[in-house]
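Undergrad:
Numbering (full-length UniProt numbering), first residue to last: 1 to 550.
(1) Return the residue from the list 450, 276 and 83 that minimises the CA-CA distance to residue 489.
(2) Quick check: the region 525-539 against the region 132-143, are at least 3 beta-carbon pairs closer than 8 Å?
(3) What's the call for residue 118, buried or exposed, on a 16-neighbour Cβ count within 10 Å?
(4) Between which two residues does the alpha helix (DSSP H) containing residue 583 stretch?
(5) Residue 201 to residue 538, Cα distance in whole Å?
(6) By how many angstroms is the C-alpha of residue 431 removed from the C-alpha of residue 423?
(7) Do residue 483 and residue 444 come within 7 Å of each other at the CB atom, strictly closer than that value?
(8) Since residue 212 is in the beta strand (DSSP E), which residue starts that stretch and which ends it?
(9) Looking at C-beta atoms only, is the number of pairs between the region 374-388 and the region 321-330 that lie closer than 8 Å three or more?
(10) In its own chain, which residues sit with a C-beta less than 8 Å from the C-beta of residue 115, not counting the 5 before and 5 after it?
(11) So, for residue 314: in the same chain, excluding its five sequence neighbours on each side, which residues have a beta-carbon less than 6 Å away from its beta-carbon?
(12) Take residue 109 as the anchor and find which of 126, 98 and 93 has the nearest alpha-carbon.
(13) Within the region 210-294, note down every full alpha helix (DSSP H) run reaching 4 residues or more, in order along the chain.
(14) Between 75, 503, 167 and 232, which lies nearest to residue 335 when the distance is taken from Cα to Cα?
(15) Using only the alpha-carbon positions, how far apart do residue 261 and residue 230 sit?
(16) Just the Cα atoms here: how many angstroms apart are residue 437 and residue 502?
(17) With a threshold of 16 other CB atoms inside 10 Å of the CB of residue 22, please say whether the residue is buried or exposed.
(18) By DSSP, does residue 145 sit in helix, in strand, or in coil?
(19) Tell me the residue span of the alpha helix (DSSP H) that contains residue 420.
(20) Identify every residue that forms a DSSP beta bridge with residue 320.
(21) Going residue by residue through the region 94-159, where are the continuous alpha helix (DSSP H) segments of at least 4 residues, counting only ones entirely within it?
(22) Whose C-alpha, out of 288, 312 and 280, is nearest the C-alpha of residue 305?
(23) Relative to the C-alpha of residue 60, which residue among 73, 51 and 40 is closest?
(24) Quick one: residues in its chain with C-beta nearer than 8 Å to the C-beta of residue 152, no 5 flanking neighbours on either side, listed in chain order?
(25) Assign residue 469 to one of three DSSP states: helix, strand, or coil.
(26) Short check: CB of residue 271 to CB of residue 255, under 7 Å?
(27) So, is residue 317 buried or exposed, given that buried needs 16 or more other C-beta atoms within 10 angstroms?
(28) Grouping DSSP H, G and I as helix and E and B as strand, with all else coil, what is residue 550?
(29) Could you pull out every residue in the same chain whose Cβ sits closer than 6 Å to the Cβ of residue 546, ignoring the five residues on either side in sequence?
(30) Nearest to residue 425 by alpha carbon, out of 365, 149, 215 and 507?
(31) Let me check understanding here. Comparing Cα to Cα, which of 406, 400, 134 and 35 lies closest to residue 146?
(32) Pop quiz: residue 497 and residue 400 are said to be a contact at Cβ under 8 Å. What is the actual Cβ separation, rounded to whole angstroms?
(33) With distances taken between CB atoms, is the gap from residue 226 to residue 196 smaller than 7 Å?
(34) In this structure, how does DSSP classify residue 492 when only helix, strand and coil are distinguished?
(35) On the DSSP bridge assignment, give the partners of residue 332 in chain order.
(36) Run through DSSP, which three-state label would residue 369 get?
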């Protein structure tokens with residue numbers, strides 16, 4: 001969770017035992033000065049006598065990164081060259097073309113194009129390979145960041161040379177860079193006659209306004225219940241979590257409090273605006289990648305019994321970060337506090353302050369979790385993320401589907417399909433026929449991909465254990481027979497897992513025509529959490545019962 005302060009004066013608290021405190025403080029300052037002197041001396045010697053030339057900036061950053069990593073994953077140093085990335089993270093804005101580029105195996109491929117950006121207006125397509133930027137052949141550049149080459153001042157020009165599937169020669173596309181705003185709410189709409197849906201994917205500076213606007217527009221369309229989707233939301237700004245919670249929670253109610261080493265920074269935050277709606281039934285969707293600010297919002301909704309949570313247990317990040325300015329236009333995002341939601345619980349799942357002997361960290365044990373109560377007296381617990389009121393199974397994929405995705409075969413086939421089919425039905429209506437699926441399986445015939453099934457892994461483990469225990473000879477023949485019988489066949493598996501493979505392929509193809517919005521629309525019919533939400537809204541008595549003390 002990030003909250004940003006421009007400057008702070010750190011006052012030393014006046015406590016009893018001044019002489020003892022001063023001694024400890026002076027001793028600590030001496031140790032800091034001593035170790036900094038050792039570090040500076042070491043680095044001078046290294047620079048002077050190491051056998052090869054070293055890059056001072058790179059080496060220092062590596063040492064800083066490793067030092068901070070030993071504390072927690074959220075305390076981060078931003079060198080001057082990284083400040084633009086930091087600003088993008090906090091504001092959701094950057095100057096560029098509005099495309100996601102994947103660089104792998106010497107190829108730089110357009111994987112997504114954002115709507116209403118220079119990339120979309122210039123006609124960039126998913127699957128386009130960028131071979132030159134402003135005439136510079138990328139095949140001759142090994143150590144560089146494609147994203148940084150594509151970013152630049154607003155209205156500055158950049159010319160891309162592209163290889164496009166089906167084109168006989170490279171294409172040249174000229175774009176004027178512009179401010180690209182990655183929206184916090186990539187999709188919202190009505191998913192039934194009276195149920196609205198808001199997909200919140202980030203908590204940058206405009207998140208609250210986007211959610212409020214979406215909510216009000218959907219109410220104007222007849223929304224009587226709302227689904228707030230916080231799945232895969234990594235969090236962001238603390239004030240955005242407060243303002244979004246305030247949409248559903250009355251003015252004056254506590255939203256979150258922060259407590260850390262610097263007591264002057266400890267604060268309790270309350271809802272400071274009138275709520276937009278304190279009565280509309282709310283369902284919040286979560287999963288194990290819902291973190292930080294997303295957990296504050298879902299936790300507030302749960303603690304006030306304001307709505308029902310459906311999905312999987314959230315990530316469990318109960319830490320607050322503050323950004324501090326450093327010298328030479330650098331910054332550090334540092335963990336300064338833990339946050340506590342209205343019931344009083346902190347949902348931090350990993351204990352970074354107590355590491356194992358090997359340096360690893362573990363989750364807080366269930367036996368150490370403390371029980372808290374929601375407004376209606378329901379039991380909730382700290383130390384392990386937010387547990388939904390209705391648990392659903394985490395979506396898993398077959399080894400076949402995982403292999404096809406890892407080898408980018410879904411994506412590559414969608415590029416081919418897009419070239420061969422200029423248009424398709426709207427996202428909500430599109431589906432592949434059996435003949436389409438057969439064409440895909442035929443196309444896979446000469447493609448390289450393989451996988452190991454769970455049964456095959458178990459048999460390999462059994463064989464290894466038998467070897468270790470000198471008993472392989474006893475079961476070797478039976479083991480070979482089992483392996484032969486259970487060895488996977490790609491052709492058979494493509495039929496066994498046809499529903500799963502077909503669904504993934506359909507969504508990948510839809511993305512190439514309708515981008516993120518189309519992909520979201522297409523997913524509703526098979527989304528287990530969305531289906532569970534729609535079913536629950538049809539049972540108001542059950543919805544209300546879930547929010548009562550048991």
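Virtual Cβ for every residue (Gly too), placed ideally from N, Cα, C. It should be emphasised that the depicted structure is a prediction, and the values quoted were computed from it without experimental measurement.
TA: According to the structure data:
(1) The shortest Cα separation from residue 489 among 450, 276 and 83 belongs to 450.
(2) Taking a cut-off of 8 Å for Cβ pairs, the region 132-143 and the region 525-539 do not touch, as fewer than three such pairs fall below it.
(3) Buried: at least 16 other Cβ atoms inside 10 Å.
(4) Because the chain here runs from 1 to 550, residue 583 falls outside it and cannot be looked at.
(5) So the two alpha carbons sit approximately 26 Å from each other.
(6) Roughly 13 Å separates the two Cα atoms.
(7) In this structure, residue 444 lies away from residue 483, with their beta-carbon atoms at least 7 Å apart.
(8) In the DSSP assignment, residue 212 falls outside any beta strand (DSSP E) and lies within the alpha helix (DSSP H) extending over 207-220.
(9) In short, these stretches do not touch, since the Cβ pair count stays below three.
(10) For residue 115, the CB contacts under 8 Å within the same chain, skipping 5 residues up- and downstream, are 515, 516 and 517 in chain order.
(11) Closer than 6 Å at Cβ, skipping near neighbours: 286, 290, 295, 385 and 386.
(12) Taking only the C-alpha atoms, the option nearest residue 109 is 126.
(13) Within the region 210-294, the complete alpha helix (DSSP H) runs of at least 4 residues are 238-246.
(14) For residue 335, the nearest C-alpha among the options comes from 75.
(15) The straight-line gap separating the alpha-carbon atoms of residue 261 and residue 230 is approximately 30 Å.
(16) Going by the C-alpha atoms only, they are around 7 Å apart.
(17) Residue placement at residue 22 is poorly supported in this model, since its pLDDT is 46, which falls under 50; the coordinates are not used for a value here.
(18) Coil, per DSSP.
(19) For residue 420, the enclosing alpha helix (DSSP H) covers residues 409-420.
(20) In DSSP, residue 320 forms a bridge with 337.
(21) Correct list: 118-121 and 146-150.
(22) Taking only the C-alpha atoms, the option nearest residue 305 is 280.
(23) It is 40.
(24) Result list for residue 152: 95, 96, 158 and 177, in chain order.
(25) Note: residue 469 maps to coil in three-state DSSP.
(26) Taking 7 Å as the Cβ cut-off, residue 271 and residue 255 qualify as a contacting pair.
(27) Residue 317 comes out buried.
(28) DSSP places residue 550 in the coil class of the three-state scheme, outside both helix and strand.
(29) Around residue 546: 308 and 389.
(30) The option with the nearest alpha carbon to residue 425 is 507.
(31) Out of 406, 400, 134 and 35, 134 has the C-alpha closest to the C-alpha of residue 146.
(32) About 5 Å separates the two Cβ atoms, so the contact holds.
(33) Going by C-beta atoms, residue 226 is nearer than 7 Å to residue 196.
(34) If DSSP states are grouped into helix, strand and coil, residue 492 belongs with the helices.
(35) Beta-bridge analysis with DSSP links residue 332 to 77 and 324.
(36) Three-state result, residue 369: coil.
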